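Here's the structure, in structure tokens; my notes come after.
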Amino acid sequence: MRKPNIILLVLDGLRADRLSCYGHWRKTSPYLDSLCDRMTIFRNHRTVNTSSMGAHTTLVTGLHPYVHCAPDEHCVYTKENPTIFQFSKSKGYHTSGISTENIFLSREAGFMRGFCDYAAIVKSYKQVSFRERRMFVSHAVSPRYTDRIIRRLVMLIEKVLGGGRKDMEGPAYYRRLADFFLYNDMAGKQTVKLMKQKVAQLSHGKEPFFIFGNILDTHRPYLAPEGFRDFFGPLDVSDRILQISFDEFLAICGKIELSDEEKEVLSALYDAKVLYANSLLKDLLGWIDANSNLDDLMIFITADHGEMLLEKPRALGHRFFLYENVLRTPLMVLGGEFSQPRRYDHPTTIEDIAVTIANIVAGRDNEFSKGATGCDLRDIDQDRVVVADRPFLAFPEIYLPHRSYMVEHFNSIDRAVIFRSKKLIWNSQGRMEFYDLNLDPQETANLYGDPLHQPEAAKLLELMQEWYRHRSADGVFNMNEYELMKVPARQRSQFMKRQINHLVDPPGIVTTIYDQVVLDKPRAARAPVVAGR
10 MRKPNIILLV LDGLRADRLS CYGHWRKTSP YLDSLCDRMT IFRNHRTVNT SSMGAHTTLV
70 TGLHPYVHCA PDEHCVYTKE NPTIFQFSKS KGYHTSGIST ENIFLSREAG FMRGFCDYAA
130 IVKSYKQVSF RERRMFVSHA VSPRYTDRII RRLVMLIEKV LGGGRKDMEG PAYYRRLADF
190 FLYNDMAGKQ TVKLMKQKVA QLSHGKEPFF IFGNILDTHR PYLAPEGFRD FFGPLDVSDR
250 ILQISFDEFL AICGKIELSD EEKEVLSALY DAKVLYANSL LKDLLGWIDA NSNLDDLMIF
310 ITADHGEMLL EKPRALGHRF FLYENVLRTP LMVLGGEFSQ PRRYDHPTTI EDIAVTIANI
370 VAGRDNEFSK GATGCDLRDI DQDRVVVADR PFLAFPEIYL PHRSYMVEHF NSIDRAVIFR
430 SKKLIWNSQG RMEFYDLNLD PQETANLYGD PLHQPEAAKL LELMQEWYRH RSADGVFNMN
490 EYELMKVPAR QRSQFMKRQI NHLVDPPGIV TTIYDQVVLD KPRAARAPVV AGR
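My numbering puts the first residue of the sequence shown at 10, with every later residue one more than the last.
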């Protein structure tokens with residue numbers, strides 16, 4: 010019997026509660042809504058790490074961040090933890106990957122282990138903000154970061170590319186960036202095009218295939234292409250909205266504060282990106298429906314994390330927050346055993362996806378699943394304890410010019426534990442939060458310290474500690490054990506270099522594709538990006 014073909018599709022930065030098939034009041038996912046009678050929806054699904062690196066590592070290894078030890082965005086995929094792509098390849102699958110060029114999904118980070126081929130889509134370098142260029146340089150040089158080295162390298166890059174730092178910051182620069190995103194997506198169209206080509210190519214082969222795709226078009230910045238941005242009504246996009254869309258630290262550090270009306274615009278802009286992602290899924294899945302006879306195809310649609318949209322003061326983006334708008338992500342499965350319309354409210358996590366795929370590929374009794382911390386989606390339990398981590402700042406030096414604020418407020422450890430409808434967020438600096446998600450799904454009322462709820466909070470803390478102790482190698486767990494940020498920079502550098510260990514596959518598996526972009530349009534033909542102030 011032929012093994013099923015598999016597609017694993019990650020919509021980067023997609024919140025579950027912003028899909029209309031998950032109950033959002035705006036019609037943001039009409040195509041996915043039309044598939045509800047053909048797929049299984051997991052309505053209580055969460056990521057367990059708020060960084061792209063930590064979440065993707067969990068996604069491909071089936072291991073919690075505490076076990077795979079890549080909680081910070083500057084870590085790598087260690088060779089000690091096999092990926093689901095390596096495992097599937099060893100079981101006779103042709104494994105292919107397609108993604109926008111991303112430091113977290115690169116050869117250098119070790120993500121491409123186990124792929125037979127991988128396509129990295131490169132967009133115009135001009136779209137990248139000054140801060141992101143600095144981050145790129147930081148990743149590229151070495152883990153030993155100093156302000157002086159980073160500044161000199163960025164100055165050199167800007168000299169080569171044209172312009173200087175003054176040209177790369179401020180409202181005028183962000184308006185130019187917004188022009189780019191109004192007429193160009195974030196390589197989503199190219200990703201879908203290549204996935205269709207790969208499905209057509211591999212569907213005639215003798216071996217089953219496993220295709221991974223990452224679509225970045227639900228990620229920051231919150232600007233959908235022309236035809237989608239104003240779909241939910243004309244939007245007055247201020248300079249302040251544009252700036253925090255490209256640099257969330259301006260909002261996190263309190264340098265830019267939005268009015269209530271501007272927050273509503275920001276929310277609508279994000280919904281427009283979700284609607285655009287829905288159109289990409291319609292293009293891909295509609296084509297598969299019309300052009301293939303792959304009755305044995307299984308498609309997993311999920312996200313690595315959600316996004317905060319200033320629902321709480323200074324809470325924008327994802328990497329520093331353990332609130333439900335970041336942790337709650339969609340998980341929908343089409344085909345195979347999941348082709349019947351089912352709705353699961355039992356808690357599931359991003360760890361479970363790799364375990365389920367491994368069991369589909371090789372049967373339930375396999376070495377990959379035995380070593381993972383996730384469970385099969387077909388065996389989910391209502392009384393499951395879910396634990397999530399927020400990555401600490403292993404290298405706070407890179408967060409220029411916001412370093413002092415970031416070190417003061419985020420140079421700590423955050424952990425969240427969810428059991429049934431109760432949630433506790435623990436912080437190593439003493440900031441504690443407790444919520445009843447049934448009564449307060451938006452986490453507006455912190456009940457920690459209330460004598461009425463203190464016994465429940467203490468119980469959750471015990472559950473969290475027991476969860477970690479059970480998964481530690483020696484049965485001992487210290488809540489503050491992640492203390493890398495207190496180690497001198499030179500020792501941290503040595504630690505990171507030991508982690509890397511040349512994890513990359515032979516370079517021949519990677520194909521770099523330069524996406525076509527609309528470099529310019531006549532000014533008269535352009536829709537205004539910023540209206541009003």
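Yeah, the Cβ is synthetic: ideal placement off N, Cα and C, and Gly gets one too.
Model, not experiment: these values are computed from the prediction.
In or out: T358 buried (at least 16 other Cβ within 10 Å) or exposed? Stepping through the sequence shown from its first residue, residue 358 is reached at position 349. Under the 10 Å beta carbon count, T358 is surrounded by 16 or more other beta carbons and is classified as buried.
Problem - Alpha carbon of R11 to alpha carbon of P217, nearest angstrom - result: Here the question's residue 11 lines up with position 2 in the sequence shown. Here the question's residue 217 lines up with position 208 in the sequence shown. Approximately 7 Å between the Cα atoms of the pair.
*Ends of the alpha helix (DSSP H) at N368?*
Counted from its first residue, the sequence shown places residue 368 at position 359. 360-371 is the span of the alpha helix (DSSP H), which, as asked, contains N368.
### Query
Where do the N-terminal and C-terminal ends of the beta strand (DSSP E) with A312 fall, by residue?
The sequence position of residue 312 within the sequence shown is 303, counting from 1. Segment: none, A312 is in no beta strand (DSSP E) and carries neither H nor E.
Segment contact, 8 Å Cβ cut-off, at least three pairs: the stretch 418-435 with the stretch 384-401:
Cβ pair count under 8 Å is three or more, so yes.
Practice problem: Determine the DSSP secondary structure at D392, reduced to helix, strand or coil. | Solution: Locating residue 392 in the sequence shown gives position 383, counting from the first residue. Note: D392 maps to coil in three-state DSSP.
query: According to the neighbour-count rule (16 or more other Cβ atoms, all chains shown, within 10 Å of its Cβ), is G517 buried or exposed?
result: Here the question's residue 517 lines up with position 508 in the sequence shown. Exposed, since its Cβ has fewer than 16 Cβ neighbours within 10 Å.
(message) For a quick check, are the C-beta atoms of R352 and G263 less than 8 Å apart?
(response) In the sequence shown, counting from the first residue as 1, residue 352 sits at position 343. In the sequence shown, counting from the first residue as 1, residue 263 sits at position 254. The answer is no: Cβ separation not under 8 Å.
Rounded to the nearest angstrom, how far is the Cβ of E333 from that of L244, given a contact under 8 Å?
-> Within the sequence shown, numbered from 1, the residue matching residue 333 stands at position 324. Within the sequence shown, numbered from 1, the residue matching residue 244 stands at position 235. In fact, because the Cβ distance is near 26 Å, the residues do not count as touching under 8 Å.
For this session: State yes or no: is the C-beta of A281 within less than 8 Å of the C-beta of R238?
Result: Stepping through the sequence shown from its first residue, residue 281 is reached at position 272. Stepping through the sequence shown from its first residue, residue 238 is reached at position 229. A281 places its beta carbon less than 8 Å from that of R238.
Item checked: Contact set for A64: own chain, Cβ-Cβ below 8 Å, skip 5 residues either direction -> If you number the sequence shown from 1, residue 64 lands on position 55. The residues T56, V57, N58, D313, H314, I359, in chain order, have a CB closer than 8 Å to that of A64 in the same chain once the five nearest residues on each side in sequence are set aside.
L386 - DSSP class collapsed to helix/strand/coil
Here residue 386 refers to the residue found at position 377 when the sequence shown is read from its first residue. Looking at L386 - three-state DSSP - the assignment turns out to be helix.
Notebook entry, point to check: Alpha carbon to alpha carbon, how far is D4 from S288?
Noted result: Here the chain has residues from 10 to 542 only, and residue 4 is not among them.
Closest by C-alpha distance to D269, when choosing among F255, K321, G214
Here residue 269 refers to the residue found at position 260 when the sequence shown is read from its first residue. Of F255, K321, G214, the smallest CA-CA separation from D269 is found for K321.
For T109, the first and last residue of its enclosing beta strand (DSSP E):
In the sequence shown, residue 109 corresponds to position 100, counting from 1. 103-109 is the extent of the beta strand (DSSP E) around T109.
Whose C-beta lies closer than 7 Å to the C-beta of H511 among residues of the same chain, with five residues either side of it excluded? For the purposes of this step, residue 511 is identified with residue 502 of the sequence shown, where counting begins at 1. Low confidence applies to H511: its pLDDT is 43, below 50, so where it sits in the model is not reliable enough to give any reading.
What are the residues that DSSP puts in a beta bridge with K272? Within the sequence shown, residue 272 is the residue found at index 263, counting from 1. Beta-bridge pairing links K272 to no other residue.
Apart from the five residues just before and just after F255, which ones in its own chain have a Cβ nearer than 7 Å to its Cβ? To locate residue 255, count along the sequence shown from 1; it is residue 246. Spatial neighbours of F255 in its own chain (CB-CB distance under 7 Å, excluding positions within 5 residues in sequence) are listed in chain order as S138, Y183, L186, P230.
Please state whether DSSP places A324 in a helix, a strand or coil.
-> Stepping through the sequence shown from its first residue, residue 324 is reached at position 315. In the three-state scheme derived from DSSP, where H, G and I count as helix and E and B as strand, A324 is classed as coil.
With DSSP as the reference, identify every bridge partner of N436, one or two as the case may be.
In the sequence shown, counting from the first residue as 1, residue 436 sits at position 427. Bridge partners of N436: D423.
Rounded to whole angstroms, what's the CA-CA distance from K36 to S43? Just pull it up for me.
Numbered from its first residue, the sequence shown carries residue 36 at position 27. Numbered from its first residue, the sequence shown carries residue 43 at position 34. One Cα belongs to K36, the other to S43, and the distance between them is close to 12 Å.
Exercise. CB-CB under 7 Å to L331, same chain, minus the five flanking residues each way: which ones, in chain order?
Worked result: Working through the sequence shown from its first residue, we reach residue 331 at position 322. Excluding residues within five positions, the ones whose Cβ falls inside 7 Å are T59, A397, R399, D423, A425, I434.
| field | Proximal residues to I50 (C-beta, below 6 Å), its chain only, five neighbours per side dropped | value | Residue mapping note: residue 50 aligns to position 41 of the sequence shown, counting from 1. Hits under 6 Å: M341, R352.
Between the stretch 219-233 and the stretch 245-254, can you find at least three pairs of beta-carbon atoms closer than 8 Å? Enough Cβ pairs lie closer than 8 Å, so yes.
Can the beta-carbon of G106 be found closer than 8 Å to that of F221? On the sequence shown, position 97 is the one that residue 106 refers to. On the sequence shown, position 212 is the one that residue 221 refers to. It is a contact, given that the beta carbons lie within the stated cut-off.
- Query: Exposed or buried, what is V485 when buried is set at 16 or more other beta-carbons lying within 10 Å of its beta-carbon?
  - Reply: Along the sequence shown, one-based indexing puts residue 485 at 476. Exposed.
| task | Have a look at P464, L318, G380, Q206 and flag the residue whose alpha-carbon is nearest the alpha-carbon of L294. | result | Position 285 of the sequence shown, counted from the start, is the residue given in the question as residue 294. Minimum Cα distance to L294 is reached at Q206.
Ranges of the alpha helix (DSSP H) found wholly within the stretch 185-245, counting only runs of at least 4: Counting only runs that start and end inside the stretch 185-245, the alpha helix (DSSP H) elements of at least 4 residues fall at 197-211.
### Query
Taking Q451 as the reference, which of A129, M195, M317 has the closest Cα?
Along the sequence shown, one-based indexing puts residue 451 at 442. The residue with the shortest Cα to Cα distance from Q451 is M317.
Q.
Looking at the strands, I want to know which residues DSSP matches up with R337.
A. Here residue 337 refers to the residue found at position 328 when the sequence shown is read from its first residue. By DSSP's assignment, R337 forms a beta bridge with R55.
Simplified DSSP state of Y457, which is helix, strand or coil: Here residue 457 refers to the residue found at position 448 when the sequence shown is read from its first residue. Look at Y457 here: in three-state DSSP terms it is coil, with no helix or strand label.
- Query: Within 10 angstroms of its Cβ, does A260 collect 16 or more other Cβ (buried), or is it exposed?
  - Reply: By 1-based counting over the sequence shown, the position of residue 260 is 251. Around the CB of A260, 16 or more other CB atoms lie within 10 Å, so the residue is classed as buried.
**Message:** Could you pull the DSSP bridge partners for M48 from this structure?
**Reply:** One-based indexing of the sequence shown puts residue 48 at position 39. Paired residue(s): L343.
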